[in-house]
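Reading through the structure tokens given below for one structure.
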Amino acid sequence: MGLAYPIFQGGMAWVSDAELAAAVSNAGGLGIISAMNLSAEYLRGQIRKCRTLTEKPFGVNIMLMSPFVKDVARVCAEEKPAVVTTGAGLPNAYMKGWLSAGVRVIPVVPSTAMARLVERAGAYAVIAEGGESGGHIGDLSTLTLVPQVKDAVDIPVLAAGGIADGRGVAAAMMLGAAGVQCGTVFLCATECAVHENYKQKVLNAKDIDTIVTGKRLGHAVRSIRNPFTRQYAKMEYEISTTGEELEAMGIGALRKAAVDGNLEEGCFLAGQCSAMVHEIRPAKEIIETMFKEAETLLKGASAWVK
Amino acid sequence: MSTYETIAKLLAESKDMDPGDIRPDMGFAELELDSLDVAELVMNLEDELGVPVEIDESLRTIADLVAKVDNK
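Note that the protein sequences, when read in sequence, are chains A and B. Residues in the first sequence are numbered from 1 upward in steps of one, following the numbering used here. Residues in the second sequence are numbered from 307 upward in steps of one, following the numbering used here.
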């Protein structure tokens, strides 16, 4: 794919904009713009802006539960970013349009069957995302999902979930991954425009500070514990709370976190590796440090099996 | 073995269901199968019968799945 480093920056709603994507692509990874829940014209504007900021390839992430999914899918076929990644569902209905436009499709998958289904439909690669990740997640962990997906498909597999440093990259390679996708670590990139409070939540998070909510609705989401998640978790386990009430509670909570920095009512989506992110650094430094460390570790790896 | 019987057999094997509890008109939700379970079922069915089935909005019940396979 012509990347200097086999690393994708995850498409995070209200976080992954043209500037972050361009910074990651300019640093040698694949930056990804999130189409999130916004209109097709927002996405078109972001893609065109990104083109003014980088000549390197970049991608677009489409959240398949978006109310605008058909329109943003069409914009991707028209604007032809190098890659489309997808999340929260099966993208097969849109894949023909992207493939005929020459766009590489790399879906995020939480299981082997989903990986096989998208491979059959023409996916270029898959991102096997473990439940350590932030945002929408599946049950399997990265350690178990990546090798199983690797065995199930013949296309390249990227590992995601829990990777924040060179140790994670090296481990992912040993599991059979051809590359990695990272979200949380790029939340704290200098070029990330997310609210300063969001970055501080990640920087201050300790190992046990994330929580999974939304399982009852079938949409499990990992975020950093705060008053919002405490209230949500409490309501989720109350029988009297309806599904509609839970859905309503979640609406707008990510925006409150990412745009307003609302520490009480915001939902700060982030992965378990938040506690492994210690400073705000430029994307280039994040990537170069990770891969230098991974290279050193992999060179010495045989010492453990002698 | 009919397509329906094959599906019932696969569900019995992979989800520990009693084939007698499965009826063609049952929706996946009623069978407590989520989207990942349906994806698994469709791929297991492809392995068994060699018939690839697309998962789309029209696929809601066991009967829908039988029809998709038999109409291929």
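Ideal placement from N, C-alpha and C gives every residue a C-beta, glycine not left out. Nothing here was measured: the structure is a model prediction, and the numbers come from that model.
Hey, residue i and residue j: beta-carbon distance below 7 Å or not?
i      : j      : result
A:A170 : A:L158 : no
A:G59  : A:V83  : yes
A:T85  : A:L64  : no
A:V146 : A:A123 : no
A:E129 : A:V153 : no
A:I287 : A:Y5   : yes
A:Y198 : A:A258 : yes
A:T229 : A:I211 : yes
A:V277 : A:V202 : yes
A:G166 : A:E293 : yes
B:P325 : B:Y310 : no
A:L269 : A:S223 : yes
B:E346 : A:A113 : yes
A:L90  : B:I361 : yes
A:A164 : A:C273 : yes
B:L317 : B:M323 : yes
A:P156 : A:A115 : no
A:K70  : A:V103 : no
A:Y232 : A:M249 : yes
A:S275 : A:A189 : The sequence given here has Ala at residue 275 of chain A, not Ser. Their beta carbons are not under 7 Å apart, which means A:A275 does not touch A:A189 by this criterion.
Since residue i contacts residue j with CB under 8 Å, what's their CB separation in whole angstroms?
i      : j      : result
A:P107 : B:L342 : Between B:L342 and A:P107 the Cβ distance is about 13 Å, and since that is not below 8 Å, they are no contact.
A:G179 : A:G271 : In fact, because the Cβ distance is near 17 Å, the residues do not count as touching under 8 Å.
A:L187 : A:M12  : 7 Å
A:K56  : A:S25  : 4 Å
B:V375 : B:V359 : 6 Å
A:A73  : A:I62  : 6 Å
A:L263 : A:N226 : 6 Å
A:I127 : A:A160 : 5 Å
A:Q9   : A:A21  : 7 Å
A:L140 : A:G131 : 6 Å
B:L365 : B:T312 : In fact, because the Cβ distance is near 16 Å, the residues do not count as touching under 8 Å.
A:D151 : A:H195 : No, A:D151 and A:H195 are not in contact; Cβ-Cβ is about 41 Å, not under 8 Å.
A:G244 : A:A253 : The question names Gly, but residue 244 of chain A is Glu in the sequence shown. No, A:E244 and A:A253 are not in contact; Cβ-Cβ is about 16 Å, not under 8 Å.
For residue i, would you say it is in contact with chain A, using Cβ-to-Cβ distances shorter than 7 Å as the test?
i      : result
B:M323 : no
B:L339 : no
B:A369 : no
B:L342 : yes
Quick one: does residue i have its CB under 7 Å from some CB of chain B?
i      : result
A:L99  : no
A:L140 : no
A:L90  : yes
A:M95  : no
A:S133 : no
A:A111 : Looking at the sequence itself, residue 111 of chain A is Ser, so the reference to Ala does not match. A:S111 counts as touching chain B.
A:M114 : yes
Sort out for me which residues DSSP pairs residue i with in a bridge.
i      : result
A:C182 : A:Q9
A:P107 : A:T86
A:R255 : Partner(s): none; A:R255 has no beta bridge.
A:M63  : A:G87
A:E129 : A:A160
A:G31  : A:F58
A:T213 : A:V221
B:T367 : B:G333
A:A189 : A:R281
A:H136 : A:V221
With 7 Å as the C-beta to C-beta threshold (strictly closer), list the residues of the segment 116-127 of chain A near chain B in chain order. R116, L117, R120
query = Mind listing which residues of the segment 344-373 of chain B have their C-beta closer than 9 Å to chain A's C-betas, in chain order?
reply = V344, A345, E346, L347, V348, M349, N350, E352, P358, E360, I361, D362, E363
(message) Tell me which residues of the segment 216-238 of chain A have at least one Cβ-Cβ distance to chain B shorter than 7 Å, keeping chain order.
(response) G218
Please list, in chain order, the residues of the segment 62-79 of chain A that have any C-beta partner in chain B closer than 8 Å.
none
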